[in-house]
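**Q**
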Amino acid sequence: MSEMYIRVAEDENEEPMEIPSEDDGTVLLSTVAAQFPGACGLRYRSPVSQCMRGVRLVEGILHAPENDWGNLVYVVNYPKDNKRKMEEIDAASAVKIKRGVQKTSDLIVLGLPWKTSEQDLKDYFSTFGEVIMVQVKRDAKTGNSKGFGFVRFTDYETQVKVMSQRHMIDGRWCDCKLPNSKQGPDEPMRSRKVFVGRCTEDMTADDLRQFFMQYGEVTDVFIPKPFRAFAFVTFADDQVAQSLCGEDLIIKGVSVHISNAEPKHNNIHHLFSNFPGRSPALAALFQRSQYQCPSSHV
């Protein structure tokens with residue numbers, strides 16, 4: 001008997017692959033799994049009812065429906081949990097590829113004591129990792145500190161760690177962040193907050209926090225009440241937030257879409273400057289709410 005092949009695809013919309021059958025017309029599950037790792041069966045769409053039908057599997061052997069495989073395209077079945085896990089791994093890998101190699105930036109150190117020197121600053125931040133550069137900004141005439149400076153690290157991971165916490169330097173709390181000057185004059189401030197669309201009611205703040213912690217430190221999770229099918233997640237690092245924007249991720253078996261949480265202050269003054277009888281007080285009232293949903297999700 002000449003070797004026969006059946007057409008098998010991972011999804012109905014994908015190009016099928018031809019899988020060889022046995023001499024008796026059956027197909028071994030191991031043959032399918034060799035091309036589609038993790039496969040546990042096959043299904044096909046009935047030409048009559050248009051419903052999906054499962055292919056009979058007995059002791060690792062797949063039997064043709066009505067003794068004839070025909071020209072149908074058979075779709076691979078996966079165990080539900082394994083497929084979900086594979087999708088989550090694929091999504092995480094895609095984000096990591098998108099993020100690529102992150103470069104460090106000059107960080108501004110705010111709130112420095114007047115007495116802090118560049119050597120003091122280097123000694124302190126060297127405890128986190130290798131320091132490339134430190135600088136204390138001083139008045140050109142008096143030489144006195146202006147109360148802020150700059151630091152840059154060799155490793156991006158060190159930068160993320162330093163930005164995620166406050167620092168006690170010479171007895172005073174200081175903050176490290178990316179300086180606004182890194183942004184172009186027409187470029188909006190990059191947000192550390194992302195909009196998570198298509199959420200389901202069984203997703204808790206803890207679920208979201210645990211899921212997104214694989215990408216970077218999460219500082220806040222907000223789910224509106226009453227439930228509105230979306231949430232906001234804030235990261236310690238804005239680059240992590242931006243790297244996730246545009247991604248579709250699988251959380252608890254559900255595909256959610258990640259997009260920018262746009263700062264309202266970027267457009268609110270422009271809105272009120274064109275409004276008849278414009279009122280700065282009214283603009284300030286609206287500015288109390290820091291973020292809005294992307295227009296495509298409202």
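Everything in the sequence shown is counted per UniProt numbering, starting at 1 for the first residue and increasing by one. All C-beta atoms, glycine included, are put in the ideal place defined by N, C-alpha and C. Values in this document were obtained by computation on a predicted structure and should not be read as measured data.
So, at 7 Å on beta carbons, what are the nonlocal neighbours of residue 199 in its own chain, with the 5 sequence-adjacent residues on each side left out?
**A** 229, 230, 231, 256, listed in sequence order.
**Q** Residue 74 and residue 7 look like a contact to me (Cβ under 8 Å); what is the Cβ gap, rounded to whole Å?
**A** 7 Å between Cβ atoms; contact.
**Q** Kindly list the residues whose CB is nearer than 6 Å to the CB of residue 254, restricted to its own chain and excluding five residues on each side of it in sequence; keep chain order.
**A** Closer than 6 Å at Cβ, skipping near neighbours: 200.
**Q** Would you check if the distance between the CB atom of residue 121 and the CB atom of residue 160 is smaller than 8 Å?
**A** The answer is no: Cβ separation not under 8 Å.
**Q** Go ahead and label residue 176 buried or exposed: buried means 16 or more other beta carbons lie within 10 angstroms of its beta carbon, across all protein chains shown.
**A** The residue is buried, with at least 16 neighbouring Cβ atoms inside 10 Å.
**Q** Give the single residue among 243, 195, 68, 18 whose Cα lies nearest to the Cα of residue 220.
**A** Residue 195 is the option with its Cα nearest to residue 220.
**Q** Would residue 112 and residue 153 be called neighbours here (beta carbons separated by less than 8 Å)?
**A** For residue 112 and residue 153, no; Cβs fall outside 8 Å.
**Q** Rounded to the nearest angstrom, what separates residue 9 and residue 252 at their Cα positions?
**A** For residue 9 and residue 252, the distance between alpha carbons rounds to 25 Å.
**Q** To which residues of the same chain is residue 179 closer than 6 Å at the C-beta, ignoring the five residues directly before and after it?
**A** Result list for residue 179: 108, in chain order.
**Q** Give every residue of the same chain whose Cβ lies closer than 7 Å to the Cβ of residue 40, excluding the five residues on either side of it in the sequence, and list them in chain order.
**A** If we look at residue 40 and ignore the five residues flanking it on each side, its Cβ neighbours are 77, 78, 79.
**Q** Could you work out which residue in 224, 193, 14, 222 is closest to residue 244 when comparing CA atoms only?
**A** Closest option to residue 244, Cα to Cα, is 193.
**Q** Contact defined as beta carbons within less than 8 Å: I believe residue 236 pairs with residue 191. What is the distance between those atoms, to the nearest angstrom?
**A** Incorrect: roughly 13 Å between the Cβ atoms, too far for contact.
**Q** Does the stretch 45-64 come into contact with the stretch 18-27, if we say contact requires no fewer than three beta-carbon pairs (one atom in each stretch) closer than 8 Å?
**A** Touching, yes, given that three or more Cβ pairs across the two stretches are closer than 8 Å.
**Q** Give me the DSSP bridge partner(s) of residue 145.
**A** Answer by DSSP bridge pairing, in chain order: 138.
**Q** Provide the residue span of the alpha helix (DSSP H) that contains residue 122, from first to last.
**A** Taken as a continuous stretch (DSSP letters only), the alpha helix (DSSP H) holding residue 122 covers 118-125.
**Q** Using the C-alpha atoms, what's the distance from residue 162 back to residue 135?
**A** Roughly 16 Å separates the two Cα atoms.
**Q** If we cut at 8 Å on Cβ distances, does residue 22 have a partner in chain B?
**A** This model lacks chain B altogether, as it is built from one protein chain only.
**Q** Is it buried or exposed for residue 50, if we count other Cβ within 10 angstroms and need 16 for buried?
**A** Answer is exposed; the Cβ neighbour count stays below 16.
**Q** With 16 as the cutoff for other CB atoms within 10 Å, does residue 239 come out buried or exposed?
**A** Counting Cβ neighbours within 10 Å, residue 239 comes out buried, since at least 16 surround it.
**Q** Could you tell me which of 104, 212, 144, 43 sits nearest to residue 129, measuring between CA atoms?
**A** For residue 129, the nearest C-alpha among the options comes from 104.
**Q** Under the three-state reduction of DSSP, which class applies to residue 289: helix, strand or coil?
**A** Unreliable positioning characterises residue 289 in this predicted model, as indicated by a pLDDT of 42, which lies under 50. The coordinate reading is nonetheless provided below. Residue 289: coil per DSSP, three-state reduction.
**Q** What span of residues does the beta strand (DSSP E) with residue 62 cover, start to end?
**A** First-last of the beta strand (DSSP E) with residue 62: 61-63.
**Q** In whole angstroms, give me the CA-to-CA distance for residue 167 and residue 124.
**A** Those two C-alpha atoms are separated by around 9 Å.
**Q** State the Cα-Cα distance for the pair residue 205 and residue 174, rounded to the nearest angstrom.
**A** Using only the alpha carbons, I get a separation of about 29 Å.
**Q** To the nearest angstrom, how far is it from the Cα of residue 209 to the Cα of residue 224?
**A** Roughly 15 Å separates the two Cα atoms.
**Q** In whole angstroms, what is the alpha-carbon distance linking residue 119 and residue 249?
**A** For residue 119 and residue 249, the distance between alpha carbons rounds to 45 Å.
**Q** CB-CB under 8 Å to residue 46, same chain, minus the five flanking residues each way: which ones, in chain order?
**A** Closer than 8 Å at Cβ, skipping near neighbours: 52, 53.
**Q** Could you check which residue in 234, 116, 106 has the C-alpha nearest to that of residue 133?
**A** Here the closest residue by C-alpha is 106.
**Q** DSSP puts residue 5 in a beta bridge; with which residues?
**A** Answer is 20.
**Q** For residue 234, collect the residues of the same chain with a Cβ closer than 6 Å to its Cβ; drop the 5 residues on either side in sequence, then sort them by chain order.
**A** So the list reads 192, 193, 219, 220, once near-sequence residues are dropped.
**Q** Could you give the residue range of the alpha helix (DSSP H) that holds residue 31?
**A** 29-35 is the span of the alpha helix (DSSP H), which, as asked, contains residue 31.
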